[in-house]
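Each residue of the sequence shown is one higher than the one before, starting from 105 at the first, in our numbering. Working notes, beginning with the structure itself.
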Amino acid sequence: MRIQAEKIARCFFIGIVFVLLLTVVARGITNSPLGVFEDSGDIGSVLHPGSASFDAATGQYTIAGSGQNMWFNKDAFYFVWKKTSGDMTISADIAFLGQGSNPHRKAVMMIRQSLQPDSVYADIALHGVGLTSLQYRPAKAANTEEVQAKISAPRSLQLEKHGDEFSMLVGDGNGKLEPAGGPIRVPIHGEYYIGIGVCSHDANIVEKAVFSNVNIRPSTPPPQASL
Numbered sequence: 105m106r107i108q109a110e111k112i113a114r115c116f117f118i119g120i121v122f123v124l125l126l127t128v129v130a131r132g133i134t135n136s137p138l139g140v141f142e143d144s145g146d147i148g149s150v151l152h153p154g155s156a157s158f159d160a161a162t163g164q165y166t167i168a169g170s171g172q173n174m175w176f177n178k179d180a181f182y183f184v185w186k187k188t189s190g191d192m193t194i195s196a197d198i199a200f201l202g203q204g205s206n207p208h209r210k211a212v213m214m215i216r217q218s219l220q221p222d223s224v225y226a227d228i229a230l231h232g233v234g235l236t237s238l239q240y241r242p243a244k245a246a247n248t249e250e251v252q253a254k255i256s257a258p259r260s261l262q263l264e265k266h267g268d269e270f271s272m273l274v275g276d277g278n279g280k281l282e283p284a285g286g287p288i289r290v291p292i293h294g295e296y297y298i299g300i301g302v303c304s305h306d307a308n309i310v311e312k313a314v315f316s317n318v319n320i321r322p323s324t325p326p327p328q329a330s331l
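Structure representation (structure tokens):
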């Protein structure tokens, strides 16, 4: 009986320790200054440093960014990111703050090979005027290309990576997403950066956007075509 009681006590102690460890880990994630992301910073040359804040209570990210543009063969914007690998999906609800100075300010969800301004990348860019596009740079220092969505000013956006193929899905915030562009082919391999960002599209000003319901997860394999 004594041995059995000691075993029960030992198991109980181990259980308590396990619960405490889970609590510490959960608090560490919740209290991260950038939530699910690891770091942030300006990409390329900007006149005004950007910033990012995370509200753990609401799960919202507020990002301020400057930068002349994210186009042609180089980018200038503020990026909040984490490193990962494999096939991943990122989704979020996005809303700009204020009326904005430039109609083509951009709030983006992005997968990027490196933090260099001329990096290969694919993103979904929501413009201030509502234009939404799947933008991509297919090779280092190449000019950016895009596929425009037919839906204007969607609230919810999702970027999916399946190997070298990227697709855009959009929705009105009711939980339903519809394909809106792609797939396009962009060679992003090994470790890469996944995250969210803002470009003011005017080097002299800073614009802000709020990202809600941000979710990063492994991509679901696309359905197989029937024979």
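Where a beta carbon is used, it is the ideal one built from N, C-alpha and C, also for glycine.
Query raised in the report: Between Gln252, Ile147, Asn173, which lies nearest to Ser223 when the distance is taken from Cα to Cα?
Result: Mapped onto the sequence shown, residue 223 falls at position 119. Closest by alpha carbon: Ile147.
Query raised in the report: Going straight from the alpha carbon of Val150 to that of Lys312, what length do you get?
Result: In the sequence shown, counting from the first residue as 1, residue 150 sits at position 46. In the sequence shown, counting from the first residue as 1, residue 312 sits at position 208. Note on geometry: alpha-carbon atoms of Val150 and Lys312 lie some 15 Å from one another.
Query raised in the report: Counting pairs of Cβ atoms below 8 Å between the segment 167-180 and the segment 254-272, do you hit three or more?
Result: Verdict: no, contact absent.
Query raised in the report: Whose C-beta lies closer than 7 Å to the C-beta of Met213 among residues of the same chain, with five residues either side of it excluded?
Result: In the sequence shown, the residue the question calls residue 213 occupies position 109. Correct list, in chain order: Ile194, Ala196, Asp227, Ile228, Leu261, Leu263, Ile300.
**Report entry** Inter-stretch contact (C-beta, 8 Å, three-pair minimum) for the segment 165-177 and the segment 273-286
**Finding:** No, the segment 165-177 is not in contact with the segment 273-286.
Requested in this report: Leaving aside the five residues before and after Ile133 along the sequence, list all residues of the same chain whose C-beta is less than 6 Å from its C-beta, in chain order.
Outcome: Locating residue 133 in the sequence shown gives position 29, counting from the first residue. Per-residue confidence for Ile133 stands at a pLDDT of 39, beneath the threshold of 50, marking its modelled position as unreliable; no derived number is given.
**Report entry** Residue range of the beta strand (DSSP E) that includes Glu250
**Finding:** The sequence position of residue 250 within the sequence shown is 146, counting from 1. That run of the beta strand (DSSP E) goes 249-252.
Query raised in the report: In chain order, what residues of the same chain have a beta carbon less than 6 Å from the beta carbon of Asp191, not counting five sequence neighbours either side?
Result: The residue given as residue 191 occupies position 87 in the sequence shown. Once the five neighbours on either side are set aside, the close Cβ partners of Asp191 are Lys265, His266, Ser323.
Query raised in the report: Can you check whether the CB of Ile288 is closer than 8 Å to the CB of Ile215?
Result: Here residue 215 refers to the residue found at position 111 when the sequence shown is read from its first residue. Here residue 288 refers to the residue found at position 184 when the sequence shown is read from its first residue. At a Cβ-Cβ threshold of 8 Å, Ile215 and Ile288 do not count as neighbours.
Query raised in the report: Skipping 5 residues on each side, what residues in its chain have a beta carbon closer than 7 Å to that of Asn247?
Result: Locating residue 247 in the sequence shown gives position 143, where the first residue counts as 1. Phe176, Asn177.
Query - Beta-carbon gap between Asp268 and Val290 smaller than 8 Å - result: Looking up residue 268 in the sequence shown gives position 164. Looking up residue 290 in the sequence shown gives position 186. At the C-beta level, Asp268 and Val290 come within 8 Å of one another.
**Report entry** Pairwise C-alpha distance: Ala156 and Glu295
**Finding:** Position 191 of the sequence shown, counted from the start, is the residue given in the question as residue 295. Position 52 of the sequence shown, counted from the start, is the residue given in the question as residue 156. Computed Cα separation, rounded: 23 Å.
Report task. Could you check if Asn319 is buried or exposed, using at least 16 other CB atoms within 10 Å of its CB as the buried criterion? Result -> The residue labelled residue 319 in the question sits at position 215 within the sequence shown. The C-beta of Asn319 has fewer than 16 other C-beta atoms within 10 Å across all chains shown, which makes the residue exposed.
Query raised in the report: Which runs of the beta strand (DSSP E) fall wholly inside the segment 201-282 and span at least 3 residues, in chain order?
Result: Complete beta strand (DSSP E) runs here, min 3: 210-216, 225-231, 236-241, 249-252, 260-266, 269-275.
Query raised in the report: Out of curiosity, what's the CA-to-CA distance linking Phe141 and Phe315?
Result: As a working mapping, residue 141 is identified with position 37 in the sequence shown. As a working mapping, residue 315 is identified with position 211 in the sequence shown. The straight-line gap from Cα to Cα measures roughly 13 Å.
Query raised in the report: What do you get for Lys210, buried or exposed, if any count of 16 or more other CB atoms within 10 angstroms of its CB means buried?
Result: Taking the first residue of the sequence shown as 1, we reach residue 210 at position 106. Buried, by the Cβ-count rule.
Requested in this report: May I ask you to report which of helix, strand or coil DSSP gives Ser323?
Outcome: For this step, residue 323 is matched to residue 219 along the sequence shown. If DSSP states are grouped into helix, strand and coil, Ser323 belongs with coil.
Report task. Pick out whichever of Gly139, Ser237, Ser144, Val184 has its Cα sitting closest to the Cα of Asp159. Result -> Here the question's residue 159 lines up with position 55 in the sequence shown. Among Gly139, Ser237, Ser144, Val184, the Cα nearest to that of Asp159 belongs to Gly139.
Query raised in the report: Count the other CB atoms within 10 Å of the CB of Arg241; is the residue buried (16 or more) or exposed (fewer)?
Result: Counting from 1 along the sequence shown, the entry for residue 241 is found at position 137. Its Cβ being crowded by 16 or more others within 10 Å, Arg241 is buried.
Query - Residue interval of the beta strand (DSSP E) (run including Ile147) - result: Within the sequence shown, numbered from 1, the residue matching residue 147 stands at position 43. Annotation for Ile147: the continuous beta strand (DSSP E) segment containing it runs 143-147.
Query raised in the report: In whole angstroms, what is the alpha-carbon distance linking Glu249 and Ser144?
Result: Within the sequence shown, numbered from 1, the residue matching residue 249 stands at position 145. Within the sequence shown, numbered from 1, the residue matching residue 144 stands at position 40. Roughly 25 Å between the two C-alpha positions.
Requested in this report: Name the one or two DSSP bridge partners that Ile300 has.
Outcome: In the sequence shown, counting from the first residue as 1, residue 300 sits at position 196. Paired residue(s): Val184, Met213.
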